Structure formats: structure tokens, C-alpha cells
Amino acid sequence: MLSQFLQFLFSGITVGATYALAALGFTLIYNASNVINFAQGEFIMLGGMLAVFFAQMGFPLPIVLFLAIVIPALVGIFMEKVAIEPVKGADTVSLIIITIGASLVIRGLIQVWLGKGTFSLPAFSGDEPIHILGATLLPQSLWVLAVTALLVVSLWYFFSKTLTGKAMLATSFNRTAAELVGINTNFVLFLSFAMSAGLGAVGGILVTPITMTSYDVGIMLGLKGFVAAVVGGLGNGLGAVLGGLLVGVLEAMGAGYISSAYKDAMPFVLILFILFFMPRGLFGGKSTDRV
Amino acid sequence: MHKNAYIGLGLVIAVLLVLPFVLPNSYYMDLAIRMAINAIIVIGLNLLIGFAGQISLGHAGFLGIGAYASAVLPTHFGFHPLLAMAAGAAATAVIAGVVAKPIFKLKGNYLAMATLGLGIIINIALRNEAQWTGGPDGMAVPAFALFGIELSSDKQWYWVVAALLVISVWASLNIIDSPFGRALRALHGSEVASQVVGVNIVRYKVSIFVLSAVFASIMGSITAHYIGFVTPNFADFFHSIELVTMVVVGGMASVFGSIVGAVLLTALPQALATFEGWETVVFGSVLMLCMIFLPKGLVPTLASKFGKGD
Amino acid sequence: MSLLEVKDLSIHFGGVKAVQNVSFNIDAGIVYSVIGPNGAGKTTLFNLITGVYKPTAGEIRLDGELIQGKSPNELAERGVARTFQNLQICMNMSALENVMVGAHLRLDRNVFKAAMRWPSMRRRDNELREEAAELMKFVGLEQYIHARSDAMSYGVLKRLEIARALAMKPRVIFLDEPAAGLNPKETIEIDRLVRKLADSGITVVLVEHDMKMVMNLSDRILVLDYGKKLTEGTCAEVRKNPDVIAAYLGAHA
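Residue numbers (my numbering), protein chains in the order written: chain A, 1 to 291; chain B, 1001 to 1310; chain C, 2001 to 2253.
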């Protein structure tokens, strides 16, 4: 009984950490530009797929990690420049459609380049499962949780203690005011896309040894990350993290106790539930239209 | 109706009358039929997105409900196809209404998320309930029969679908230029303004959402009978996005734009059939380029360039 | 019984008491102006009466019926029309259609009949088109009858909003700073238009900064300051009130 519960909990938190990183990415971009970036999932996919590609080419691990994080970040910046900037100020619906278009382009290009196969990465510190109270925990899961926690703490530090971070926060509260005090809001925008892509990519790399990767993992991961962001309260960083973990755990619990066939549907049932009863999410984020 | 609208309708009728005689073979007939079906779906979707200014990222889900109603109910429960279609439409109306009402009461554009979630849930359900739906492999759909006459040949289907298209265009043009249609467009233009002249915002948004969902459901049923087979892919996220792309490319808030968008983007996957993977890239690029350079869509942009003003 | 009775109306936004315990009555058929320095709460008061805001306390009665807290479309059903300081025009529709939509509640809005081009609905629509054109003439916009609203200037659109409000055949019309942003010539035209409205028997409630217009047109004036009622009365009474003078010109005027 307990071991089963713990098993579900472990797998839920692990995948939940990926959702948390995705949700943070959504939050960053949403706060900086009011855009709901449907391409967020593709950044996660890029992280995993690029890591596989560079690892297969024989590069040493640090290089692999570097490239698999930086390239998606650059893709993020490119996307901002090419797709978002030209339509600054367009309405919510238009922006959503554009980011969906971008996600299709990224996914399609990877499909053409790397094919439709499923790939994996070797676990960072081996496959020997750890046994806790009858449940097994993969060492890779610990990596996922540890790195995610590290990133979350770093982000917290960044936003509350550094000038750049505070500038980003200021932009998210009131863009015009931020510009008026000399903050380069365009740079903030670039940075938010780069960071959000980087975060997603890290999540993708970390979780590939466990769940494998392929050209189309981005869709579901991104959508679920989006659900997590809304559950936590769109625009709220802490909410994003907790939302991600919650979605992951609920998904695992639902799959384990109710029906594994409907595993993928759980997050979406959750979002309907949240929208019906708690549209502001757990931490009262902003609605998607700044009235 | 505007004079231009009459001209447009006349053009559509003319093209539809001539087409069967110029199309070389059944492959092209089939393509034309699929284009017409998509055009009708997109016209309904455009009423929601273009005219009322709302969004649906899960419209294929409603297509799926209609399609599977027409497959499952006759096959497992002995329903007559027409009754099955009506049942599918009724179920869609209920689901759409139940979801839309609380969503529209909220301030802000939560509809995108809600429709997304709904569409995915429907898709997964269709995929999972294999004993009824045949699962991921899909199931066969019995032929559509009315008064003992079975619709089976391409030619028969063509005339049925063509007639439905003409009716849809005519009905939509009428709706747009009516008190209901004006209230809808006012809602899009300025919610506050429409409220102060007496428009009940929530009620109108729910109405148009349910209406366009039922449109989709009925067309889902028709598609199912035409193709004779239905799979869960019919109701997946990508299909929902394809439909939105057709609206965007052809022209939001344009009935004829819906037809153009449907024609172009039904032909596109066929043209790209040999280039696997590129289809996604092209679709995505088309979406982006269109929103950036032609935000109003093809038909409205061309129309204003030629000074028609409608 | 007055047409509109407001009793102890208040609204707080967090710590800000935008409107505090304001009471006044408006009789049918008069021109009633609400004036006060910037930030006095005039537009907030309008928003309270026309359903855009819900008050935190107080009552509003229209013809004896309690209406505070009702939504704008419910108030429209009761014959309340309003225009906006910063315009709320549907730029996606033509000028004439903007006016036509004002008649929304007076029409059969059934979508199925619309789809089928029901003859009675078509006939009504054609009549409405004529009626809307007449209204545009009434407000002095005859030359714009076939224009698109996104091709019209600010001053012209302000009058279009009034035409739209009139299409509702309202009992009372709330004009929120109709002269704001207008040049002198346009201001005279608005002045004449408001006078025409008043002469036609509609109750007109006006928020305005242009004192000349206010003094010319109004039967009674309500003066607000810091969300509270300073005084209320005829033009002559208000003009001579020392508190009003002090509020506008400073205590050492």
C-alpha cells in the first residue's frame, strides 16, 4: 500500500519537476511580454534531442550539456525576434496562434533532421535503483529534483537580489514605467525567452534518461507545463513550481489509482476543474487579459 | 446582404456547378469534397473566432464527437444515421454549453485553455474506449441512407456537400447581417459598448460557441459517413490547429475567406504528402507568416486592396 | 417621485473612498450636470449608476426600482443609455452599424430566423437602417452615413456614440464628458446637440468640465469634491456657493 503510494509519488514528483521548469518558462515569458508561449514544450524537446545528438557525435559531457542548453536559448531569442517582436501589441489570440506556428516549425525541423525515432541518454549516475520503503527511486530522479531545486533557488536569488532580475520583475509589473526609468525592455524580453528556453532544455535533458525523447514529446510536455502554470496562477513563479509538482503528482496518482489509460488526460481535467472553480489558480495569478 | 456578398455567393454556386465536369478523375473529386467539407467547418469556426472574437483550440474534438456518434450509435446500438447525427449534435451542444458557461463568466481569455483541455480529453477518451470506438485503429462507419437511398458514389456525395456549402454560406451571410450577428460583432469590437446597448455578453458568447460546436459535430458526422472510416486522429490537437490555420489564412471574419483558407490548406497536405515532416514546418510557417504579414487573412486583405470594403 | 433617486451611494477601492455617501434626485426631463475638480469621482459615479461598478453601500432607484449592482445590459433594458469619455466604438463595424446595434433590445434577435432570412426580420432591419440614418442626421453626421467607423475622427465619433445611445430610445442618457478633447467648433456642435436632446424630452445627465456649457444647458447641478457631495442646486445657486468657488479656485481665491 505505502510502497505503491510512494512509487506513484516519486514518479509524479520527477515528471512534475519537468512540468515545473516548463511552467516557470511560461511564467517568465508571460510576465515579460504577456505572451502565452505555446512553443515552450519544444524547448524541452530540443534539450533532450540535442543532447542525444551531440552525445552520439562523441562530444564530452560538458560540451553536450552546454550545446543542448545554449542552442535552445538561442532558438528562443531568435523566435522572439522573428515571431513576437514584429507583432508587438497584437491581441492574445493572435499571439497564441503565432507561438503555435513557431512550435510547429521547430518540431517539424527536428522531425526532418533527426527523424521520428525515440532516443535515450545514459543516466548521469547509473541505473541502480534506490529502494525506499518498498518503492524504487531512480538515481536520475534525484538528479532531476536536485537540479530543478537548484535552478529554482538560483532564479529566486536572481529575481530578488540582482539588478537585472529586478529589472525583469519591474518590466512584468508595468512595462511603460520600466522603460521610463531606463530599463531596456527589449533586452528583458530577449532574456526572458532565452532563460525560459534554457530552463525547458535543462528539464528535457534531465528527464530523457527516464522517459526517453523524440521529436514530438514537446507537445504534451508543453501543454502540461502550461496547465501547471495556470494551476499555480499564471504569472506567479512559486505557483508555477508548485503547480508543476502538483500536476505531476496528480497525474501519477490518477494513472495509478484510477486509470492508466487516461494518464495524459489528467492534467487537462485538472485545468478544467481549476478554471471552473479557481480560475486564478492556487496563488491568484493574473488573468490573461490585462484589463 | 451586401451586393458583394451576392456576387460572392453567385461565384461559389457557379464554381460548384461547373466543377464536376472539369475535374479529371475521382481523386480530384474526393479532394473537392474534402475541401468543401472543411470549408463548411471553417465557416462555422470563423463565426466564433473571426466575428465574435473568441478562440477554440479544440474544435476537432467536436468533429470527433459527431464522427464517432455516427460510427458507434448505428454500429453498436442500431441507430439510424440521421438520428445518430442528431444525437451527436445534441451531445456536443450539451458539452460545449456546460464548459462554456463558467468559462465565459470569467474576465480574461480563458477559453483558449479550456477548449484546449476539452479537445485533448475528448481525443484521449476516443482513443481509449476501444470496445466502443475501435481504439487508435478506429472503426468503420455505416453508409448514410435516407429514404432507402444510400449515399455511396462520389458524385452523390459531391452534390450533397456542395448543397450544404451553399446553404452554410447563405445562412452565415444572413446571420452576420442580422441583429444577432451585429450583437456578436459589437461584442468583438467593444464588449463595454455592446453591454451598454443591452447585449448579454455571456449569453451571446455561449450561444456562438455552442452553435459553432454543433456545426462541427454535424460536419464530423458527414465526414465519417463520406470516408466510411473514422480514427481518433480526426479529433486531435493538430487537426484543431489546422482548422484555426484555415480561419487565419483565409481571413478572420470573412465567410468567403473561410472557403479560401479551407481550399488552400486542404490541398497543402496533399501536395506535401511526399515530404514527411515538412508538412508540419510549412503549416507552422504559414501560420506565423500569415499572422505577421497578413493578420486579416487573404480575402479581407485582397478585398481592401481592391477597395471593396467588405 | 423622481426618475432617479440616489441615496448614500458609496464605493471603496481598497483604501480609496472614491464616492462617499452621495445622495441626490433627478427629475424626469431635465438636464442634470455633475461637476467637480479632477478626481472628484464624477466618472465613478456614472459607472455606479450605469452598472459598470457595484457600490459598496447605498441605493439607486430608477422609477422606484432598486437598480444598484445590476449589470450594464440590465440597465439598458430599463432605458438607461450612456456614452463614454474615451469612446467605445466598434471599429470593426461601419458607422451605420454602430448606430443600428443601439437598437439591439428593440429587435427580434433570433439566430435561426436570421439564418433563414425571415422576411419580417429583413423588413425590420431595413426600417432600422433608415432609422439609424435619421439618427445620424439628427446628430449632424449626415455625410458619414456610408462611412466606416475607423475612418472617422474623434470628435465625429463622439457624436456617433450619442446616435447609438439614442437608437436605444432611452429614458435617460448619461453623457460622460461629451466635449472632452474637442476643439471650440466641435464643442459648439456638441452643445447644440445636447440642447436638442434635452428639448426632445429625454432626461440628460452630464459630466462636463466645460463650465460655459454646463451653465448654459443645466437645470440643476451636482458638485462633487473628493468623492463627496459638496452642494446641489440650480446654476445660479451653485455659481454663488463659496465652497464651490473654493474647491475650484483654491481657498484663497
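For every residue, glycine included, the Cβ atom is placed at its ideal position computed from N, Cα and C. In this text the structure is predicted, and so the values were computed from the model without any measurement.
Contacts that residue i makes with chain D (C-beta to C-beta distance below 8 Å)
{"i": "Ile-98 (chain A)", "result": "Considering every chain present, this structure includes no chain D. Its protein chains are A, B and C."}
Beta-bridge pairing of residue i - partner residues as DSSP gives them
{"i": "Val-152 (chain A)", "result": "Paired residues: none, contrary to the question."}
{"i": "Thr-136 (chain A)", "result": "A:His-131"}
{"i": "Glu-2232 (chain C)", "result": "C:Leu-2222"}
{"i": "Ser-1240 (chain B)", "result": "None; Ser-1240 (chain B) has no bridge partner."}
{"i": "Asn-2025 (chain C)", "result": "C:Glu-2005"}
{"i": "Tyr-2032 (chain C)", "result": "C:Val-2205 and C:Arg-2220"}
{"i": "Lys-2017 (chain C)", "result": "C:His-2012"}
{"i": "Arg-2061 (chain C)", "result": "C:Glu-2005 and C:Leu-2066"}
{"i": "Leu-1139 (chain B)", "result": "According to the sequence shown, residue 1139 (chain B) is Met rather than Leu. Met-1139 (chain B) pairs with B:Val-1230."}
{"i": "Ile-63 (chain A)", "result": "DSSP, once it has assigned bridges, lists no residue as partnering Ile-63 (chain A)."}
Best match in the options for proximity to residue i [C-alpha to C-alpha]
{"i": "Leu-282 (chain A)", "options": "A:Asp-127, A:Val-230, A:Leu-150 and A:Ser-125", "result": "A:Val-230"}
{"i": "His-2209 (chain C)", "options": "C:Gly-2029, C:Gly-2041 and C:Ser-2002", "result": "C:Gly-2041"}
{"i": "Ala-2103 (chain C)", "options": "C:Thr-2056, C:Leu-2166 and C:Asn-2126", "result": "C:Leu-2166"}
{"i": "Gly-2201 (chain C)", "options": "C:Lys-2169, C:Glu-2186, C:Met-2001 and C:Met-2215", "result": "C:Lys-2169"}
{"i": "Lys-224 (chain A)", "options": "A:Thr-208, A:Ala-123 and A:Val-241", "result": "A:Val-241"}
{"i": "Val-1199 (chain B)", "options": "C:Leu-2197, C:Leu-2003 and C:Ala-2081", "result": "C:Ala-2081"}
{"i": "Ala-1179 (chain B)", "options": "C:Gly-2233, C:Phe-2084, C:Lys-2054 and C:Ala-2115", "result": "According to the sequence shown, residue 1179 (chain B) is Pro rather than Ala. Of C:Gly-2233, C:Phe-2084, C:Lys-2054 and C:Ala-2115, the residue nearest in Cα terms is C:Ala-2115."}
{"i": "Ala-1090 (chain B)", "options": "B:Leu-1211, B:Leu-1287, B:Thr-1280 and B:Val-1281", "result": "B:Leu-1211"}
{"i": "Val-52 (chain A)", "options": "A:Phe-38, A:Thr-213 and A:Ile-100", "result": "A:Thr-213"}
{"i": "Ile-1208 (chain B)", "options": "B:Ser-1254, B:Trp-1132 and B:Phe-1104", "result": "B:Phe-1104"}
{"i": "Gly-244 (chain A)", "options": "A:Ala-228, A:Asn-236 and A:Met-49", "result": "A:Ala-228"}
{"i": "Ile-992 (chain B)", "options": "B:Ile-1013, B:Ala-1145 and B:Ser-1190", "result": "It is not possible to answer for residue 992 (chain B), since the shown part of chain B is limited to 1001 through 1310."}
{"i": "Ile-71 (chain A)", "options": "A:Gly-222, A:Ser-196 and A:Val-217", "result": "A:Ser-196"}
{"i": "Val-1012 (chain B)", "options": "B:Phe-1306, B:Val-1255 and B:Pro-1300", "result": "B:Val-1255"}
{"i": "Ile-2162 (chain C)", "options": "C:Gly-2039, C:Met-2215, C:Arg-2195 and C:Lys-2113", "result": "C:Arg-2195"}
{"i": "Gly-233 (chain A)", "options": "A:Val-202, A:Gly-204, A:Leu-169 and A:Met-278", "result": "A:Met-278"}
{"i": "Glu-2177 (chain C)", "options": "C:Phe-2084, C:Gly-2079, C:Gln-2068 and C:Val-2022", "result": "C:Phe-2084"}
{"i": "Thr-208 (chain A)", "options": "A:Gly-58, A:Leu-9, A:Phe-8 and A:Ala-68", "result": "A:Ala-68"}
Contact check, residue i vs residue j, beta carbons under 8 Å
{"i": "Ile-2060 (chain C)", "j": "Ile-2049 (chain C)", "result": "yes"}
{"i": "Ala-22 (chain A)", "j": "Ile-36 (chain A)", "result": "no"}
{"i": "Thr-2203 (chain C)", "j": "Arg-2171 (chain C)", "result": "yes"}
{"i": "Met-220 (chain A)", "j": "Gly-12 (chain A)", "result": "no"}
{"i": "Leu-1063 (chain B)", "j": "Met-1219 (chain B)", "result": "yes"}
{"i": "Asp-1177 (chain B)", "j": "Met-1029 (chain B)", "result": "no"}
{"i": "Phe-106 (chain A)", "j": "Val-64 (chain A)", "result": "Note that residue 106 (chain A) corresponds to Ile in the displayed sequence, not to Phe. Contact flag unset, no."}
{"i": "Asp-2259 (chain C)", "j": "Thr-2231 (chain C)", "result": "This structure gives no information on residue 2259 (chain C), because the portion of chain C shown stretches from 2001 to 2253."}
{"i": "Val-1338 (chain B)", "j": "Ala-1071 (chain B)", "result": "As displayed, chain B neither begins before 1001 nor continues past 1310, which places residue 1338 (chain B) out of reach and without an answer."}
{"i": "Ile-2011 (chain C)", "j": "Thr-2056 (chain C)", "result": "yes"}
{"i": "Glu-80 (chain A)", "j": "Phe-173 (chain A)", "result": "no"}
{"i": "Ala-1143 (chain B)", "j": "His-1225 (chain B)", "result": "yes"}
{"i": "Thr-14 (chain A)", "j": "Ile-210 (chain A)", "result": "yes"}
{"i": "Ser-1172 (chain B)", "j": "Thr-1092 (chain B)", "result": "no"}
{"i": "Ala-1039 (chain B)", "j": "Ala-1262 (chain B)", "result": "yes"}
{"i": "Leu-206 (chain A)", "j": "Val-152 (chain A)", "result": "no"}
{"i": "Asn-2025 (chain C)", "j": "Leu-2004 (chain C)", "result": "yes"}
{"i": "Leu-6 (chain A)", "j": "Ile-132 (chain A)", "result": "yes"}
{"i": "Ile-100 (chain A)", "j": "Phe-193 (chain A)", "result": "no"}
{"i": "Val-2111 (chain C)", "j": "Ile-1041 (chain B)", "result": "no"}
{"i": "Val-32 (chain A)", "j": "Thr-171 (chain A)", "result": "It is worth fixing the name first, because residue 32 (chain A) is Ala in this sequence and not Val. Contact flag set, yes."}
Whole-number beta carbon distance between residue j and residue i, since they are thought to touch under 8 Å
{"i": "Met-2213 (chain C)", "j": "Asp-2199 (chain C)", "result": "With 8 Å as the limit, Met-2213 (chain C) and Asp-2199 (chain C) do not qualify as a contact, their Cβ atoms being about 16 Å apart."}
{"i": "Leu-137 (chain A)", "j": "Pro-129 (chain A)", "result": "7 Å"}
{"i": "Leu-275 (chain A)", "j": "Tyr-1204 (chain B)", "result": "Their Cβ separation, rounded to whole angstroms, is 20 Å, which puts Leu-275 (chain A) and Tyr-1204 (chain B) out of contact at 8 Å."}
{"i": "Gly-2227 (chain C)", "j": "Ala-2028 (chain C)", "result": "Between Ala-2028 (chain C) and Gly-2227 (chain C) the Cβ distance is about 27 Å, and since that is not below 8 Å, they are no contact."}
{"i": "Leu-104 (chain A)", "j": "Thr-1280 (chain B)", "result": "5 Å"}
{"i": "Leu-1187 (chain B)", "j": "Ala-1052 (chain B)", "result": "6 Å"}
{"i": "Val-1196 (chain B)", "j": "Gly-1250 (chain B)", "result": "Not really, about 33 Å apart at Cβ, beyond 8 Å."}
Any contact between the segment 241–249 of chain A and the segment 162–178 of chain A? By contact I mean 3 or more CB pairs, one from each, below 8 Å. No: fewer than three Cβ pairs fall under 8 Å.
Would the segment 2148–2159 of chain C count as touching the segment 2115–2122 of chain C if we require 3 or more Cβ pairs under 8 Å? Too few Cβ pairs lie closer than 8 Å, so no.
| message | Taking 8 Å as the cut-off, does the segment 1226–1234 of chain B touch the segment 1094–1109 of chain B (at least 3 CB pairs, one atom from each stretch)? | response | No contact exists between the segment 1094–1109 of chain B and the segment 1226–1234 of chain B.
Open item on the list: Under 8 Å, with one C-beta from each stretch per pair, do the segment 1037–1054 of chain B and the segment 1240–1254 of chain B reach the 3-pair mark?
Closed with: Contact between the segment 1037–1054 of chain B and the segment 1240–1254 of chain B is present: 3 or more CB-CB pairs across the two stretches fall below 8 Å.
Q) Between the segment 2061–2079 of chain C and the segment 1160–1169 of chain B, are three or more C-beta pairs nearer than 8 Å? A) The way I'd put it, the segment 2061–2079 of chain C doesn't touch the segment 1160–1169 of chain B; fewer than three beta-carbon pairs between them come closer than 8 Å.
Measuring CB atoms only, is the segment 1008–1024 of chain B touching the segment 260–274 of chain A, in the sense that at least three cross pairs come out at less than 8 Å? When C-beta atoms of the segment 1008–1024 of chain B are compared with those of the segment 260–274 of chain A, fewer than three pairs fall below 8 Å, so the two segments do not count as touching.
Is the segment 2139–2154 of chain C close to the segment 2082–2092 of chain C, with three or more CB pairs under 8 Å?
-> In this structure the segment 2139–2154 of chain C touches the segment 2082–2092 of chain C; the number of beta carbon pairs closer than 8 Å is three or more.
For the segment 1291–1300 of chain B and the segment 79–90 of chain A, state whether three or more C-beta atom pairs, one from each stretch, are separated by less than 8 Å.
-> The answer is yes - the segment 79–90 of chain A touches the segment 1291–1300 of chain B, with three or more Cβ pairs under 8 Å.
Under 8 Å: do the segment 1053–1069 of chain B and the segment 1115–1124 of chain B share three or more Cβ pairs, one atom per stretch? Touching, yes, given that three or more Cβ pairs across the two stretches are closer than 8 Å.
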